[in-house]
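Single-structure report; data block below.
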Amino acid sequence: MSIKDAALRYATAVENELIQIRADQMEQGQELTERINGVSNSLKELREEMGDMRTKVGGLGDSQRQMLEILIDIQRRLA
């Protein structure tokens with residue numbers, strides 16, 4: 011094997027390694043993007059659930075306020 015052949019083999023091996031590294035980086039980038047999108051979707055769902063919970067708690071507060079007003083009115087009438 012000549013020096014030229016050895017150099018070509020070495021250059022080919024380096025080129026193949028660089029191609030593999032780029033492919034791995036692209037794959038990792040894709041996986042990271044998918045994970046970020048998953049976190050974003052989970053955060054959106056959590057915000058929606060929190061909004062629903064606030065609405066329910068606010069509605070419950072209104073109901074309790076109305077019941078308290080009714081009880082106060084009943085106490086006034088009985089007194």
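In the working numbering, the protein residues as written are 11 to 89. We treat Cβ as the ideally placed atom computed from N, Cα and C, and that holds for glycine.
A distance below 7 angstroms between beta-carbons, with the five flanking residues on each side excluded, links Arg32 to no residue of its chain.
In this structure, the alpha-carbon of Asp62 lies about 26 angstroms from that of Glu79. Straight through space, the alpha carbons of Glu41 and Glu59 are spaced by roughly 27 angstroms. Beyond the five residues adjoining it in sequence on each side, Asp15 comes within less than 8 angstroms, by CB distance, of no other residue in the same chain.
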